[in-house]
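A.B. asks:
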Amino acid sequence: MSKRVVSVMSLFVILSLLAACAPSPTPQIVEKVVTKEVEKTVIATVEVEKKVVETVEVEKPVEVVVTATPSAEEAEVAYKRNETLYTSGAAWGPPSDWNPFITWSKANTSGTIGLVYETLFLYDPLADKMIPWLAESGTWSDANTYDLKLRQGITWSDGQPLTAADVVFTFELGKYAGIWFNPMWKWLNSATALSDYEVQFKFTNPLYQEWDNNLYNIAIVPKHLWEGRTEEEVTSGANENPIGSGAYLYETHSEDRNVWVRNENWWATKLLNLKPAPKRIVDIRFSSNNVALGAVIKGEVDLSNNFLPGIATLAEKGYVQTYFAGPPYMLSANTAVLFLNTTKKPMDDPAFRKALAFAINTPDIVNVAYANLVKAANPTGLLPSLEKYVDQDVVARLGFSYDPAKAKKILADAGYKDVNGDGFVEAPDGSAIALKVTCPFGWTDWMEAIRIIATSAQAAGINIQDETPDYGAWNTALTTGTFDMTLNNWAGMSNTPWTLYNLLFRHPIVEVMGSGNFGRYDNQQIFDLVDQLAATPSSDEAGMKAICSKIQELMLTEMPVIPLWYNGLWAQYSNLVWTNWPTEAADTPNTLPSTWSGYWQMGGLLTLTTLKPVE
Amino acid sequence: MRRYFGRKLLIYVLTFFLAVTIDWLIPRFMPGDPVQTMLSRAALHAEAREVMYGYYVRAFGLDVPLWQQYLNFWNALFHGDLGTSVYLFPQPVVKVIMRAVPYDILLLLPAILLSWFAGNHFGAIAARTRWLDNTLLPVGYILTATPYMWLGILLAWVFGIVLGIFPIAGAYSFELRPHLSGAFLASLLKHWFLPFASIFLVKFGGWAIGMRNMIIYELESDYAHYLEALGTPRKLIRKYAFRNAILPQITGLALDLGVIVAGALVTEVVFSYPGIGYLILQAIQNQDYFLIQGCFLFIIIGVLLANFAIDIAYVIVDPRTRLGMTGEGA
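Quick note, the sequences are listed as chains A and B, same order.
The opening position of the first sequence corresponds to residue 183 in our numbering, with each subsequent residue numbered one higher.
The opening position of the second sequence corresponds to residue 33 in our numbering, with each subsequent residue numbered one higher.
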């Protein structure tokens, strides 16, 4: 027996010796040396050369990789550093599908929509502009008819032309219950192809704001490849090896990466003179932000969309670049709002809610919890990209800011007094107040934020403790309305303020509020205004502003939710291999530097077309 | 012998049934709703969420009463169907596990076996070599007591970032596409080494300490003294002591091997190495009933097989067990 064990073990010892040798010259480096030096170096000196190359690699890993010239057959399997863009921060799990209709898993195959499948329009949030993309133009010929013209000369990557039939087919897939844009068919009547490049949409009761949003979010799929599929295949098929019309093609994937390769026959190169600079995009999934930080420092990742606390220090020292050179460094991506459960006491009292808004130390959240990586939110909660819809008069009159003295005064005026002398106020009816503010466990920045919320509220005399349940438990409490107060940020960058108001004032109020108004704030007046906004044409900016102003007036008077800060569009980039990244400066592009799913069609793709390789 | 294994087998079947039932129950007792969690990841329009919620609850078979879900589960299990992952929808659970587990086996199997082999031998030598006992053992204690996370980060930082000789993430270079070549294999080995070394170091310390203590205990036992008194060569006494001391180590080894399919969560996080550990954590956080069930099913099978292997191994390596069975049979 012992002999057998020894022989097996010795096999592993040999393996371990091999492993121990791994750090020293690997065959990979030998090959490089041979291809470079083969003419002038005799074999005997290769040994020496190896060591030289090795030490160079230790010091400057990037340069060696750049100068490496793989042989022709190797080019298939080894990507050239100066042709490849390494990204991270979008995916948090292994790739599971490439189906553009399963939207929640797209983070793990970010690029399915945007790089492979494309939308009719793009939207530029910084300029607040819809950019015709697959569509050449789209116009409302009357209140209930939308005429869409497609660009001619667009082809799928298998060579077939993209026509009106594909668009109609895609929109009609929405008639399946499992497709996210299914509810649109309640107010959309028909989609008809008038010619090969013209589609007419007829509506019964058009929701213009949502329609625009759908125009840049519904990815068009090829009819000739999808029409034979069953409902189940369409709604929940993995769709491996996707065929789209976009700038990149699916190349390969593994547990921790997705690789996309440039589509050399992309229509926009011919029609719009756009060509993405990187030949390949390797989108990496790191299992923790620490590892992502290490990769950024080593220059192994060109664009990181991870949240890296303390990246400001590295940006100041010039290791990485960010959109803004100073605080908040990042563009604002979504608003973190504090939902108050208005069905519970004392959150049913507007005076209490208002006092709480003044009591929360948002400057500390921004400076301490985020080390200046975020910006305090406008009291209306609208993102900077939608600032034109903020009624400054209303904000000046009714807005709030951190002011504990004022919080105490509002509480005292409304009858909240410390009766039992424990340092915390009791409700006017004498009952004790003990509340909990929650966020999911593991969201370290938010955990720090709710700690600050709790301590600053306590300082103002309101007894609030912070608590961090698991995501599942948090989610259940959120949707069934059993929480006291909790953070949420489900309204991101959008073409319309309606997106935020739909989250804050979702109605009607039902048993499970899955997608908004978690605090179950019931106010028919505000609900009517939100509906009115949804049905306002986006061309009627004055009308939109008027409605928004009324909503803001009501919201800031009643304070059912408290907007606190803007989460950033986390993005840090390295200039070692690729340059000309978007920044606030005028001589650089002003597009979104993001690889997150849903952001490709908001400018992420355009960022790729303006990148320049470092010479 | 037959009765011995027959009884063992019956116990294993019962344990399997109970363990799998608990495995099925526990995720369902967790607060939360997997479909709601899944849909909350999509920036869905309000109405769409409600419609799709109903659609997916039906698709995952969560709309029927619990007892029926339980029967459906056993039925599917016997047909080799572990269901579809919610977290990695629409991938079948079997495929998710099969894709991730090879990384763990390649990482953990050598680490466990080598550390066991090396740890036992060093421990045995250290037990009777004073200077080794004073140098190696304290190191072993430190290694075992070190929080693994800390050790891993330290290794990644020193060898990955400061010295730059090892990569800090991935199972192979992000510049390579898997193919059969020296360069690719070297890349695999290079990425494998740090995670392997970190597990090896920690486990090595544990085995060495265990073995050292066992040997000292055995050398102090009556039979050792008796042999000594008879004038038996020291080498032979040590050989007997080693054979006795190895028994608990074999149990430990088998249990370690049994949970290989559980992966090495912290290693996977620290070195961003693919594997099942990270997926299990994600599955639990996302209440992915089916992926949790599937992963734990394999862990249960692994532990049971390991225990069975111990039963057999003991019959071979420990004559007392054999004797016991003969006595029982007679």
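Cβ atoms here follow ideal geometry from the backbone N, Cα and C, with glycine treated the same way.
Being a predicted model, the structure only gives us computed values, none of them experimental.
(1) Assuming A/Pro771 contacts A/Ser567 under a Cβ cut-off of 8 Å, what Cβ separation, rounded to an integer in Å, is found between them?
(2) Between the alpha carbons of A/Pro859 and B/Ile331, how many angstroms are there, rounded?
(3) The region 37-71 of chain B: which residues have C-beta closer than 7 Å to a C-beta of chain A, in chain order?
(4) Could you tell me which uninterrupted alpha helix (DSSP H) segments, each at least 4 residues in length, are contained entirely in the region 84-137 of chain B, listed from first to last along the chain?
(5) For A/Asn554, is the classification buried or exposed, using 16 other Cβ atoms within 10 angstroms of its Cβ as the cut-off for buried?
(6) How many Å lie between B/Ala294 and B/Ile333 at the Cα?
(7) Along chain E, which residues have their Cβ under 8 Å away from the Cβ of A/Val743?
(8) For A/Gly492, I'd like the list of residues in its chain whose CB is within less than 8 Å of its CB, leaving aside the five on either flank, ordered along the chain.
(9) Determine contact between the region 562-579 of chain A and the region 487-505 of chain A, defined as no fewer than three beta-carbon pairs at a distance below 8 Å.
(10) Could you tell me whether the region 247-254 of chain B touches the region 132-140 of chain B, where touching means 3 or more Cβ pairs closer than 8 Å?
(11) Assign B/Phe19 to buried or exposed, taking buried as 16 or more other Cβ atoms, counted over all protein chains shown, within 10 Å of its Cβ.
(12) Let me check one thing: in DSSP terms, what residues is A/Gln334 bridge-paired to?
(13) So, using beta-carbon positions, are A/Pro719 and A/Tyr390 closer together than 7 Å?
(14) Can you list the residues of chain B that A/Tyr268 reaches, using a CB-CB cut of under 7 Å?
(15) What are the boundary residues of the beta strand (DSSP E) that includes A/Glu433?
(16) Given that B/Gly192 touches chain A, what residues does it touch there, using C-beta distances under 7 Å?
(17) What first and last residue would you give for the beta strand (DSSP E) that runs through A/Pro314?
(18) What do you reckon, are the CB atoms on A/Pro424 and A/Val298 nearer than 7 Å?
(19) B/Pro227 CB to nearest chain A CB: under 7 Å?
(20) Can you pull the chain A neighbours of B/Gly202, defined as C-beta to C-beta under 8 Å?
(21) What did DSSP end up calling A/Asn440 once you bin it into helix, strand or coil?
(22) Work out the CA separation of A/Gly696 and B/Glu82 for me, nearest whole Å.
(23) What first and last residue would you give for the beta strand (DSSP E) that runs through A/Met784?
(24) For the beta strand (DSSP E) holding A/Leu565, just list the boundary residues, first then last.
(25) Taking its Cβ as the centre, do 16 or more other Cβ atoms sit within 10 Å of A/Gly296, making it buried, or is it exposed?
(26) Give me, in chain order, the residues of the same chain whose beta-carbon lies closer than 8 Å to that of A/Ser418; leave out the 5 immediate sequence neighbours on both sides.
(27) Within a Cβ cutoff of 7 Å, which residues of the same chain sit near A/Glu766, ignoring the five residues on either side of it in sequence?
(28) Report the CB separation of B/Leu140 from B/Ala296 in whole angstroms; it is logged as a contact under 8 Å.
(29) Would you say B/Pro306 faces chain A, with C-beta separation under 7 Å as the test?
(30) For the putative contact between B/Phe232 and B/Leu146, defined by C-beta atoms under 8 Å, what is the C-beta separation to the nearest angstrom?
(31) Rounding to the nearest angstrom, what Cα-Cα distance links A/Val234 and B/Leu195 in this structure?
(32) Measuring only the C-alpha atoms, how far is A/Pro365 from B/Ile43?
(33) Anything in chain A within Cβ reach of B/Met243, meaning under 8 Å, just list it in chain order.
(34) Pick helix, strand or coil for A/Met741, following the three-state DSSP scheme.
(35) Whose C-beta lies closer than 7 Å to the C-beta of B/Ile129 among residues of the same chain, with five residues either side of it excluded?
(36) Residues of chain A with CB closer than 7 Å to the CB of B/His211, please, in chain order.
C.D. replies: On the basis of the supplied data:
(1) Contact between A/Pro771 and A/Ser567 is absent: CB atoms are separated by about 16 Å, not below the 8 Å threshold.
(2) Outside the displayed range of chain A (183 to 797) lies residue 859 of chain A, so it cannot be described from this structure.
(3) From the region 37-71 of chain B, only Met62, Pro63, Gly64, Asp65, Gln68, Thr69, Met70 and Leu71 have a Cβ closer than 7 Å to chain A.
(4) Within the region 84-137 of chain B, the complete alpha helix (DSSP H) runs of at least 4 residues fall at 98-110.
(5) Flag for A/Asn554 reads exposed.
(6) Rounded to whole angstroms, B/Ala294 to B/Ile333 spans 11 Å at the Cα level.
(7) No chain E appears in this structure, whose protein chains are A and B.
(8) If the five residues before and after A/Gly492 are omitted, its C-beta is found closer than 8 Å to the C-beta atoms of Ala553, all from its own chain and listed in chain order.
(9) The region 562-579 of chain A is not in contact with the region 487-505 of chain A.
(10) No, the region 247-254 of chain B is not in contact with the region 132-140 of chain B.
(11) Absent from the model: residue 19 of chain B. The displayed extent of chain B is 33 to 362, so no value can be given.
(12) The beta-bridge partner set that DSSP reports for A/Gln334 is empty.
(13) It is a contact, given that the beta carbons lie within the stated cut-off.
(14) Those are Phe206, listed as they occur along chain B.
(15) First-last of the beta strand (DSSP E) with A/Glu433: Tyr430 to Ser436.
(16) Those are Gly476, listed as they occur along chain A.
(17) Its beta strand (DSSP E) spans residues Lys311 to Pro314.
(18) Yes, these two residues count as a Cβ contact at 7 Å.
(19) Not one beta carbon of chain A lies nearer than 7 Å to the beta carbon of B/Pro227.
(20) Within chain A, the residues near B/Gly202 are Asp438, Arg439 and Ile466.
(21) Here A/Asn440 sits in strand by DSSP.
(22) Those two C-alpha atoms are separated by around 7 Å.
(23) A/Met784 -> no beta strand (DSSP E), and no H or E assigned at all.
(24) If you look at A/Leu565, you'll find it isn't in any beta strand (DSSP E); DSSP assigns it neither H nor E.
(25) Classification for A/Gly296: buried.
(26) Here A/Ser418 has Asn281, Ile284 and Gly360 as same chain residues with Cβ atoms under 8 Å from its own Cβ, once five neighbours each way along the sequence are excluded.
(27) Excluding residues within five positions, the ones whose Cβ falls inside 7 Å are Tyr505 and Phe506.
(28) The distance from the Cβ of B/Leu140 to that of B/Ala296 is about 6 Å, consistent with a contact at the 8 Å cut-off.
(29) Residue contact with chain A for B/Pro306: present (Cβ-Cβ distance below 7 Å to some residue of chain A).
(30) Rounded to whole angstroms, the Cβ separation of B/Phe232 and B/Leu146 is 6 Å, and the two are in contact under 8 Å.
(31) Residue confidence is low: A/Val234 scores 36 on pLDDT, short of 50, so the model does not pin down where it sits. Its coordinate-derived value is still stated next. In this structure, the alpha-carbon of A/Val234 lies about 16 Å from that of B/Leu195.
(32) Approximately 54 Å between the Cα atoms of the pair.
(33) Near B/Met243 there are no residues of chain A at all, since even the closest Cβ is about 15 Å away, more than 8 Å.
(34) If DSSP states are grouped into helix, strand and coil, A/Met741 belongs with coil.
(35) Taking C-beta separations shorter than 7 Å and ignoring five residues to either side along the sequence, the partners of B/Ile129 in its chain run Ile308, Gly326, Cys327 and Phe330, following chain order.
(36) The answer, in chain order, is Val259.
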